[in-house]
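K.L.:
Quick one: structure below, then a few questions.
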Amino acid sequence: MKFWCAAAALSCAAAMLLLSGLPVRGQDTPPADPGNPGNQQKEPDKEKIEGNAKALKARDNLENARTIAKKWKEDAILILVMGVSVKEDGTIDVTDAESGAYWGYWFFSPGTKTDAADDSAARFCVRLVGGAVEQLPGDSTFGDKVALPNDFLDSDKVWAAAKRVDAKAEGDAMMSLIHHEESKDHPFQWDFQRPGMTVSFDAKSGTPLGQ
Numbered sequence: 087m088k089f090w091c092a093a094a095a096l097s098c099a100a101a102m103l104l105l106s107g108l109p110v111r112g113q114d115t116p117p118a119d120p121g122n123p124g125n126q127q128k129e130p131d132k133e134k135i136e137g138n139a140k141a142l143k144a145r146d147n148l149e150n151a152r153t154i155a156k157k158w159k160e161d162a163i164l165i166l167v168m169g170v171s172v173k174e175d176g177t178i179d180v181t182d183a184e185s186g187a188y189w190g191y192w193f194f195s196p197g198t199k200t201d202a203a204d205d206s207a208a209r210f211c212v213r214l215v216g217g218a219v220e221q222l223p224g225d226s227t228f229g230d231k232v233a234l235p236n237d238f239l240d241s242d243k244v245w246a247a248a249k250r251v252d253a254k255a256e257g258d259a260m261m262s263l264i265h266h267e268e269s270k271d272h273p274f275q276w277d278f279q280r281p282g283m284t285v286s287f288d289a290k291s292g293t294p295l296g297q
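The numbering used here applies: residue 87 is where the sequence shown begins, and numbers increase by one.
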């Protein structure tokens, strides 16, 4: 009789635990999440493009890219900006995945220890392409380890400068903002390329530096 009463008491206690929502030993039930009824699988948060993705200038997502890079490494510095298929108004439509058009922002982490022959682990890229924000490992061949100035000209101003050099300049361009170690007077330059035209501009003033 005592054995039967003890077993009944245990069964009753287990039933009360089930009713209360608490897990019972041996029951593989994950704890409840008040913010996620039913414990549904959550998708990781995706970074969003700032502004009009069909017409983005170089600086439109600059701070957005910096914020993403700081999540990767707190000491991340911007070392390269590149635009592919930049229109005459200085914008790129980054929603067209097939065209390959994109804005890319490359970062370097000075505090990250790397192999002397390959510092890719200290490099990181934020790329706006196909209507999405991609986060990619950096390439050791892209960009010096020197932070770009904060007050560089936006891409529309660079295209305008290209028009002053060649009034007939037309067609999409490729643009790269990068540090040029060999140039003491103009260490930061926008390199501008389009069919029939290659020219560099001072990154801040827009002064043409030769073709």
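Heads up, the beta-carbon is just placed ideally off N, CA and C, and yes, glycines get one too. Please read these numbers as outputs of a predicted model, since none were measured by experiment.
1) Contact check, residue 244 vs residue 287 under 8 angstroms by CB: the rounded distance?
2) Look up residue 263 in the DSSP assignment and give the residues it is bridged to.
3) Excluding the 5 residues flanking residue 133 on each side, which residues of the same chain have their C-beta closer than 7 angstroms to its C-beta?
4) Using the rule of at least 16 other Cβ atoms within 10 Å of the residue's Cβ for burial, across every protein chain shown, is residue 169 buried or exposed?
5) Considering only residues of the stretch 147-216, which uninterrupted beta strand (DSSP E) runs meet the minimum length of 3 residues and lie entirely inside it, listed in chain order?
6) Should residue 81 and residue 211 be called a contact, given that it needs their Cβ atoms to be closer than 7 angstroms?
7) Should residue 251 be labelled buried (16 or more other beta-carbon atoms within 10 Å of its own) or exposed?
8) Can you name the start and end residues of the alpha helix (DSSP H) that residue 242 belongs to?
9) Which class does residue 218 belong to by DSSP, given the choice of helix, strand or coil?
10) If you drop the 5 nearest sequence neighbours on each side, which residues of the same chain put their C-beta closer than 7 angstroms to that of residue 237?
11) Near residue 206, which residues of its chain fall below 8 angstroms by C-beta distance, leaving aside the five closest residues on each side in sequence?
12) Tell me which residues share the same chain as residue 136 and place their Cβ nearer than 7 angstroms to its Cβ, disregarding the 5 neighbours each side in the sequence.
13) Report all residues from its chain with a CB closer than 6 angstroms to the CB of residue 305; omit the five preceding and five following residues, and keep chain order.
14) Under the assumption that residue 248 contacts residue 215 (Cβ atoms under 8 angstroms), give the Cβ distance between them as a whole number of angstroms.
15) What's the C-alpha gap between residue 292 and residue 183?
16) Does residue 269 pass the burial test, meaning 16 or more other C-beta atoms within 10 Å, or should it be called exposed?
17) What does a CB cutoff of less than 6 angstroms around residue 141 pick up in its chain, not counting 5 residues either side in sequence?
18) Should residue 190 go down as buried or exposed, given a rule of 16 or more other Cβ atoms within 10 Å for buried?
19) Who pairs with residue 142 in a beta bridge, going by DSSP?
P.N.:
Let's see:
1) As a first step, residue 244 is located in the sequence shown; it is residue number 158 there, counting from the start. As a first step, residue 287 is located in the sequence shown; it is residue number 201 there, counting from the start. Between residue 287 and residue 244 the Cβ distance is about 6 angstroms, and since that is below 8 angstroms, they are a contact.
2) Against the sequence shown, residue 263 aligns to sequence position 177. According to DSSP, which records beta bridges pairwise, residue 263 is partnered with 167, 276.
3) Looking up residue 133 in the sequence shown gives position 47. The residues are 154, 219.
4) Taking the sequence shown and counting its residues from 1, one reaches residue 169 at position 83. So residue 169 ends up on the buried side.
5) Counting whole runs of 3 or more residues, the stretch 147-216 contains the beta strand (DSSP E) stretches 163-172, 188-194, 209-215.
6) No answer is possible for residue 81: the residues shown for the chain start at 87 and end at 297.
7) By 1-based counting over the sequence shown, the position of residue 251 is 165. Result: exposed.
8) In the sequence shown, the residue the question calls residue 242 occupies position 156. Segment 241-251, the alpha helix (DSSP H) holding residue 242.
9) Numbered from its first residue, the sequence shown carries residue 218 at position 132. The answer is strand: DSSP assigns residue 218 an E or B state.
10) Position 151 of the sequence shown, counting from 1, holds the residue named residue 237. Around residue 237: 290.
11) Position 120 of the sequence shown, counted from the start, is the residue given in the question as residue 206. By the criterion of a C-beta distance shorter than 8 angstroms, residue 206 is surrounded in its chain by 200, 223, 224, 225, 226, once the five residues flanking it on both sides are discounted.
12) Walking along the sequence shown from the start, residue 136 turns up at place 50. Excluding residues within five positions, the ones whose Cβ falls inside 7 angstroms are 146, 147, 150.
13) This structure gives no information on residue 305, because the portion of the chain shown stretches from 87 to 297.
14) One-based indexing of the sequence shown puts residue 248 at position 162. One-based indexing of the sequence shown puts residue 215 at position 129. About 23 angstroms; that fails the 8 angstroms criterion.
15) Residue 292 sits at position 206 when you count from the first residue of the sequence shown. Residue 183 sits at position 97 when you count from the first residue of the sequence shown. Roughly 31 angstroms between the two C-alpha positions.
16) For the purposes of this step, residue 269 is taken as the residue at position 183 of the sequence shown. So residue 269 ends up on the exposed side.
17) Numbered from its first residue, the sequence shown carries residue 141 at position 55. Within the same chain, residue 141 has close Cβ partners 177.
18) On the sequence shown, position 104 is the one that residue 190 refers to. Looking at its Cβ environment, which holds 16 or more other Cβ atoms inside 10 Å, residue 190 is buried.
19) On the sequence shown, position 56 is the one that residue 142 refers to. Residue 142 is bridged to 178.
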